[in-house]
Each structure stands twice: as structure tokens, then as C-alpha cells.
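**Student:** Would you mind keeping the following structure in view while I ask a few things?
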Amino acid sequence: MKRVEDKVAIVTGGALGIGRAICLGLAKEGAKVAVTDIADEDGRKVVEEIKANGGTADYWHIDTADEDNVSSAFSEIKNQFGSIDILVNNAGIAGVNKPTHEITKEEWDNVINVNVNGVFFCTKHAIPAMKEAGAGSIINLSSIYGMIGAADLPPYHASKGAVRLMSKNDALLYAKDKIRVNSVHPGFIWTPLVEQLGKDSPGGVDEFRKQLDSRHPVGHVGESEDIAHGVVYLASDESKFVTGTELLIDGGYTAQ
Ligand code: NAP
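Just remember that the working numbering sits 37 ahead of the position in the sequence shown, which is counted from 1.
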């Protein structure tokens, strides 16, 4: 018996980076995976990779900031796969890196729409199916930036702090329904999102990477698979007594 055998999992932002590794990790452990993203071509490649390895998956275009899109796609996924057992709210954007007093309302809203409203919409439209199934596991991608400040990315910090507490509150609201809700807090993981931050930084990508490596006590940034392993644990029944927790996977970053 695999660790999430026959469970149906929806992963948002599943085309690239951490989301892609989560899709592959859940499929390897037996889940039927709904890979969802706005990057359709890359998302479909993840589905092909899962199928080539003998797994079950399909692709849906979901912009998590668009409630109608979330609602209709979740209905289709439930119709096709039969239930929704696992939801991984992974889609997220870094947004602008400016001091707070220089940020426009549009720039602020852009991050909150995806990182906070997206988690709300996906949770809202997964809960009825999970109640019907009699159980569920929701895993929300927060960040070390949802635990501590770093004097950069103000809207991103606000959004990830919100996700941390949304997770705890929903854990309490739905505990009686056997729906567990936990947050995962990665340190820096080398993904397209972080590489873009490097490209935008004054010293360029290589210098940025060296700086990031040195900020983690283990001496280097993490890999997407480091996060996927934690998510598979929280998705599986191995974590049946775990809800409302914050799983830090950060190479010791926040232990300092
Ligand atoms: P990534 O490499 O940028 O991948 C994120 C995926 O989400 C991309 O395919 C992206 O598509 C998609 N996406 C963006 N906006 C979306 C939307 N509105 N609806 C659906 N999909 C959307 O990011 P990542 O580094 O893997 O990060 C994944 C999650 O982990 C995020 O929530 C992030 O905040 C969190 N996290 C990451 C790190 C890190 O160091 N990487 C650390 C802590 C937390 P496009 O490429 O087309 O935009």
C-alpha cells in the first residue's frame, strides 16, 4: 500500500518548482493528481511525466485568484476523479520588492489576490467535497517569511503571515469533520520564483545564490523535493494526529 494510495489530490501552481515536485511526489505515492496552474504547457508536461511513470493525473487551468475558475474546475475534478481528499495550496507569487511606502495599491492587491484570496477560494471550494468524503487534508504553502521579517517583499510577508493563521483557524473549524489543515514554511528553495528574484537583484543571479546559501545554517538553499517530502507526510494518514501545525523546512534558517 502506497502512502496516499487512491486519494485524489489537487495541487495549485503545480507546473513548476515546488508545486511540480509535490505533484510528482504525491503521484509516486499513489495519489490521483489534478495538476493545476496558469502555465498550461509546463503543467501538461508534469501530467505526461506522471503518466509515463505509471501514475494517474490530469491537467486543469486554474488561476487561484479567480473564484469562478476555481469553483468550476474543482467540480470537474471531483466529477472526473470521484472526490477531493487532498488540497495543496501552493500557487504563490513574490510580488514587488520595494519599501512599504513606495508600493501602490495595485501592487499590494496583486500579491494578496493570489497568495491569500487564492488560498481562501480553493479552501472554500474543497471543503464541501471533503466533508462529503468524511475526511481531508489541506496543506498551505506559507514561508519562513510567514514567521519572521526580512526587511524586504512587504506584501509577500503580509500574505504568508495570513496563510499561517488561516491554516490554524481552519484547522480548528474543521477538526470535527476530520479535515486537517497545516502550513509548510520553506526556507529558500531554488525555483523559477527565486531565480527571478536573483535576476532582479543588483549583484545578479550567482551573487544572489551565494548570499542565500550563506544565510542557511546547513550552508545551502533547499531543493523542491525537500518540501515535497513534507507535503506527502502531511497529506498521508501518517500525520493523522497533526493539524494546525507549522512545518518549517528551512535548513535551520529560523533557528538562528
Ligand atoms: P514558482 O517557481 O514561481 O512556481 C509557482 C507556480 O505557480 C508557477 O507555475 C506559476 O505560474 C504559478 N502561479 C502563479 N500565479 C498563479 C495563479 N494566480 N494561479 C495559479 N498558479 C499560479 O514558485 P515556487 O518557488 O515553486 O513557490 C511555490 C510556493 O512556495 C509559493 O506559494 C511560494 O510563495 C512558496 N515558497 C517558496 C519558496 C522558495 O524559496 N521558492 C520559499 C518559501 C515559500 P507562472 O510561472 O506562469 O507565474
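Just so it is clear, CB atoms sit at the ideal spot from N, CA and C, and this is done for glycine as well. Note that the structure is predicted; figures quoted are calculated from it, not measured.
For the region 166-179 and the region 107-123, state whether three or more C-beta atom pairs, one from each stretch, are separated by less than 8 Å.
**Tutor:** Cβ pair count under 8 Å is three or more, so yes.
**Student:** So the beta strand (DSSP E) threonine 93 belongs to, where does it begin and stop?
**Tutor:** Working through the sequence shown from its first residue, we reach residue 93 at position 56. Segment 93-98, the beta strand (DSSP E) holding threonine 93.
**Student:** Does isoleucine 149 come out as helix, strand or coil in the three-state DSSP assignment?
**Tutor:** Residue numbering aside, residue 149 sits at position 112 when the sequence shown is read from its first letter. If DSSP states are grouped into helix, strand and coil, isoleucine 149 belongs with the helices.
**Student:** If we call anything under 8 Å between Cβ atoms a contact, is isoleucine 216 one with isoleucine 175?
**Tutor:** Position 179 of the sequence shown, counted from the start, is the residue given in the question as residue 216. Position 138 of the sequence shown, counted from the start, is the residue given in the question as residue 175. Cβ distance < 8 Å, so isoleucine 216 and isoleucine 175 count as in contact.
**Student:** Does the ligand MN have a heavy atom nearer than 7 Å to the CB of serine 220?
**Tutor:** Absent from the structure shown: the ligand MN. Ligands present: the ligand NAP.
**Student:** Please confirm whether any heavy atom of the ligand NAP lies closer than 7 Å to the CB of phenylalanine 111.
**Tutor:** Start at 1 with the first residue of the sequence shown, and residue 111 comes out as number 74. No - the ligand NAP has no heavy atom lying nearer than 7 Å to the Cβ of phenylalanine 111.
**Student:** Quick check on lysine 197: does DSSP put it in helix, strand or coil?
**Tutor:** Taking the first residue of the sequence shown as 1, we reach residue 197 at position 160. In the structure shown, lysine 197 sits in a helix (DSSP, three-state: H, G or I).
**Student:** Under DSSP, the alpha helix (DSSP H) around glycine 62 begins and ends at which residues?
**Tutor:** By one-based count along the sequence shown, residue 62 stands at place 25. Note, glycine 62: alpha helix (DSSP H), 54-65.
**Student:** What residue does the alpha helix (DSSP H) around aspartate 263 start on, and which one ends it?
**Tutor:** For this step, residue 263 is matched to residue 226 along the sequence shown. That run of the alpha helix (DSSP H) goes 261-272.
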